[in-house]
Amino acid sequence: MKQQKALENLIHGIFLILGLITVGFVLLITIYLVIAGIPAIRKIGIWDFLWGPKWASTAKEPSYGILPFILTSVYGTAGAILIGVPIGFFTSVYLAKLASAKIRTVVSGAVSLLAGIPSVVYGLVGMMVLVPAIRNLFHIPDGASLLAAILVLAIMILPSIIHVSITALEAVPKEYEDASLALGATPVETYFKVSVPAAKSGIAAAVVLGVGRAIGEAMAVMMVSGNAPNLPELFGSVRFLTTAVASEMSYSSGLQRQALFSIALVLFLFIMLINAALNFFLKRSKE
Amino acid sequence: MNGRMNAKRKLGIALLRALCKVSAVFTCALVLFLLVYILAKGIPNLSWELLSTKPSYLSGKIGILPDILNTVYMIGATLVFVLPLGVGAAVYLTEYAKNKRIVAAIEYAAETLSGIPSIIYGLVGMLFFCQFLNMQTSLLAGAWTLVIMNLPTVMRTTQESLKTVPQSYREGAFGLGAGKWRVIRTVVLPGCIDGVITGCILSVGRILGESAALLFTAGFAHTLSGFFEGLGSAGATLTVSLYVYAKEQGEFGVAFAIAAILMVLTLLVNLLAMVVGRWFKRRQKR
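Chains as they are written, first to last, in our numbering: chain A, 238 to 524; chain B, 5 to 290.
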């Protein structure tokens with residue numbers, strides 16, 4: 238009996254450790270990023286680092302200002318949201334409320350496929366289709382630009398926005414809609430004036446999730462944005478926070494390398510803020 | 005009723021309906037375009053030679069066999085580690101955890117993990133697995149990085165399926181005098197097979213598509229090696245080599261060929277997830 242008890246306790250302990258391992262991983266990531274990211278910020282000075290308009294890490298007199306990356310990430314994400322959210326929103330209303338069951342299955346399958354396509358494939362198509370198209374359409378020397386990145390990101394965030402919005406719209410109690418219909422509103426009016434407002438927290442969560450996806454994407458953006466550390470311009474070659482880390486990591490050293498870790502820390506802080514917002518909206522939509 | 009509706013109201017309704025339809029059609033057209041474009045560009049570049057050889061500097065020919073094998077190794081190694089961890093965590097949450105704070109902490113951690121961008125995983129993986137644990141740039145370091153990424157997925161799907169195991173089964177087993185561990189082994193774990201399989205499929209999809217997290221942890225090498233030898237050495241998966249061929253070497257034919265393979269695999273994984281999901285649902289209803 239005593240042996241049995243000891244065994245049970247041991248197994249309980251093992252499962253406890255397995256359960257806590259996710260917490261451990263989050264701590265590991267946070268601690269590593271903070272430890273790796275702080276030294277460069279201290280050396281460069283937080284103000285010069287965050288607000289410095291010039292990144293020239295390999296110059297003779299190097300300059301480590303990441304304002305261009307921060308602004309590019311913010312503008313790029315905003316652009317992607319501006320284009321992606323309306324399309325995703327209307328698609329999700331269509332799928333959740335208007336479409337027949339058959340169409341719904343097919344289109345949802347297509348959206349899942351969109352979510353599963355590797356980001357490098359988006360990057361490749363962007364490189365071969367969007368970049369030349371932008372170059373020819375706007376008569377600029379190189380189409381690899383913020384605009385190309387915005388378009389690719391807008392497509393990439395579509396599935397997240399659609400899935401989360403559909404879930405939110407489906408959770409709207411049927412009584413709300415029935416009441417509106419009984420009062421003489423047409424189905425479409427009901428969906429937009431009753432269902433959508435009732436699902437607004439969930440839809441907000443969908444948008445925030447899209448923001449997170451857009452700001453964190455690296456590879457596809459790297460392939461279409463040109464990658465020069467300029468202040469953002471719609472038709473200019475730009476570098477995002479994510480691509481700033483990725484593009485120099487393989488050959489970096491010393492302070493330059495430490496500065497890359499600091500960029501990752503800044504990105505991580507952005508993501509944590511976005512996660513907090515996401516949790517806020519998800520919680521509210523559950524209530 | 006329709007007669008009394010004024011023109012403005014009618015127009016508004018028609019407009020909203022049209023917007024919904026146009027958006028849905030756009031989304032579908034986009035998927036169709038991507039699928040057709042990639043397959044049309046990629047399939048002509050596929051050849052048996054490309055699939056069955058490794059790159060050779062002597063003849064200047066490119067082969068992607070090492071990348072295919074690396075992808076398979078990566079999937080295998082990641083799943084071997086992530087399944088026990090994810091299932092264990094889920095069992096803890098549904099069977100053992102009583103302290104609400106611990107549960108909240110674990111769930112918050114899982115949510116946080118699923119929001120972290122892959123480039124950050126890659127960076128921390130490089131610092132921790134490659135440098136601190138001295139795994140060097142290797143498939144194993146890449147696999148461990150992916151373990152952290154996929155842990156929330158496996159945990160979530162297993163948890164969902166554990167919730168469908170009726171409480172009466174557990175009580176029945178306890179009533180017969182079984183200890184907790186025995187109940188878990190004989191009643192709970194067999195019930196979570198569905199969730200484990202779903203978690204596997206989702207993870208495979210993510211591993212297939214992952215590149216940013218592997219760039220600095222698993223590297224770019226194209227050497228041909230066996231499983232255990234391969235784990236210890238650097239190697240590019242299909243996605244990483246697509247990136248290298250397209251962005252750094254300008255070999256767009258090969259890049260499209262890889263893209264076509266990835267596209268077909270993604271399609272298969274999606275279909276499998278759908279079929280399996282439906283099958284499990286039907287079985288549950290019985």
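Cβ atoms here follow ideal geometry from the backbone N, Cα and C, with glycine treated the same way.
**OP:** Determine the DSSP secondary structure at glycine 230 (chain B), reduced to helix, strand or coil.
**Re:** coil
Subject >> Buried versus exposed call for glutamine 495 (chain A) [16 or more other C-beta atoms within 10 Å across all chains shown] >> reply: buried
Subject >> Coarse secondary structure for valine 169 (chain B), derived from DSSP in three states >> reply: coil
Subject >> Limits of the unbroken alpha helix (DSSP H) element including valine 95 (chain B) >> reply: 69–95
Subject >> Endpoints, the alpha helix (DSSP H) within which arginine 210 (chain B) is located >> reply: 197–213
Original post:
Between the segment 138–167 of chain B and chain A, which residues of the former have CB atoms less than 8 Å from a CB of the latter, in chain order?
Top reply: Ile152, Leu155, Pro156, Met159
Original post:
At what residues does the alpha helix (DSSP H) containing leucine 361 (chain A) begin and finish?
Top reply: 356–362
Original post:
Between which two residues does the alpha helix (DSSP H) harbouring methionine 365 (chain A) extend?
Top reply: Note, methionine 365 (chain A): premise wrong, no alpha helix (DSSP H); not H, not E.
Original post:
Near tyrosine 359 (chain A), which residues of its chain fall below 8 Å by C-beta distance, leaving aside the five closest residues on each side in sequence?
Top reply: Val389, Ile392, Met393, Ala457
Original post:
Do the CB positions of leucine 54 (chain B) and alanine 264 (chain B) come within less than 8 Å of each other?
Top reply: no
Subject >> Sub-8 Å separation of isoleucine 371 (chain A) and serine 356 (chain A) beta-carbons >> reply: no
**OP:** Would you kindly report the start and end of the unbroken alpha helix (DSSP H) that includes lysine 102 (chain B)?
**Re:** Unbroken run through lysine 102 (chain B): none, as it is neither H nor E.
Subject >> Other residues of its chain near tyrosine 312 (chain A): CB distance less than 7 Å, five sequence neighbours each side excluded >> reply: Leu383, Pro469
Original post:
Does DSSP put tyrosine 61 (chain B) in a helix, in a strand, or in coil?
Top reply: coil
Original post:
Hey, is the segment 359–368 of chain A in contact with the segment 249–257 of chain B, meaning 3+ C-beta pairs nearer than 8 Å?
Top reply: yes
Original post:
CA-CA distance, serine 172 (chain B) and isoleucine 106 (chain B)?
Top reply: 26 Å
Original post:
Whose Cβ in chain A lies nearer than 9 Å to the Cβ of serine 237 (chain B)?
Top reply: Residues of chain A passing the Cβ test: none, with the nearest at roughly 17 Å.
Original post:
Looking only at its own chain, which residues have a Cβ that is under 7 Å from the Cβ of phenylalanine 232 (chain B), when we skip the five neighbours before and after it?
Top reply: none
**OP:** Indicate the three-state DSSP secondary structure (helix, strand or coil) for tyrosine 301 (chain A) in the structure shown.
**Re:** strand
**OP:** For the alpha helix (DSSP H) containing alanine 277 (chain A), list its first residue and its last residue.
**Re:** 239–281
**OP:** Since I believe lysine 334 (chain A) is in contact with tyrosine 413 (chain A) (beta carbons under 8 Å), could you give me their beta-carbon distance rounded to a whole number of angstroms?
**Re:** The Cβ separation is near 12 Å, so there is no contact.
**OP:** Please go through the same chain and pick out, in chain order, the residues whose beta-carbon is closer than 6 Å to the beta-carbon of alanine 177 (chain B), but skip the five residues on each side of it.
**Re:** Val187, Val191
Subject >> Strand pairing of glycine 453 (chain A), partner residues [DSSP] >> reply: None, per the DSSP bridge assignment.
**OP:** Pull up the DSSP beta-bridge partners for tryptophan 292 (chain A), would you.
**Re:** A:Tyr301
**OP:** Would you mind reading off the limits of the alpha helix (DSSP H) that contains methionine 393 (chain A)?
**Re:** 383–407
Subject >> leucine 308 (chain A) versus threonine 295 (chain A): straight-line alpha-carbon distance, rounded >> reply: 21 Å
Subject >> Minimum C-alpha distance to threonine 480 (chain A) - residue among A:Leu351, A:Ile254, A:Phe505, A:Glu454 >> reply: A:Glu454
Subject >> Contact check, glycine 126 (chain B) vs phenylalanine 260 (chain B), beta carbons under 8 Å >> reply: no
**OP:** Using the Cα positions of valine 343 (chain A) and valine 273 (chain B), report the straight-line distance between them to the nearest angstrom.
**Re:** 16 Å
Subject >> Where glycine 183 (chain B) sits in the DSSP three-state scheme >> reply: coil
Original post:
What residues are listed by DSSP as bridge partners for valine 475 (chain A)?
Top reply: A:Gly463
**OP:** Can you give me the start and stop residues for the alpha helix (DSSP H) that glutamine 288 (chain B) sits inside?
**Re:** 256–289
**OP:** Report the rounded CA-to-CA distance for glutamate 291 (chain A) versus tyrosine 269 (chain A), giving the unit in angstroms.
**Re:** Reading off the sequence, residue 291 (chain A) comes out as lysine, not glutamate. Each residue's Cα considered, the two are about 27 Å apart.
Original post:
At a Cβ threshold of 8 Å, is glutamate 252 (chain B) touching chain A?
Top reply: no
**OP:** Could you say which of B:Lys25, B:Thr98, B:Gly181 lies nearest to cysteine 196 (chain B) if we only look at CA atoms?
**Re:** B:Thr98
**OP:** Would you identify the three-state DSSP class for threonine 141 (chain B), choosing helix, strand or coil?
**Re:** coil
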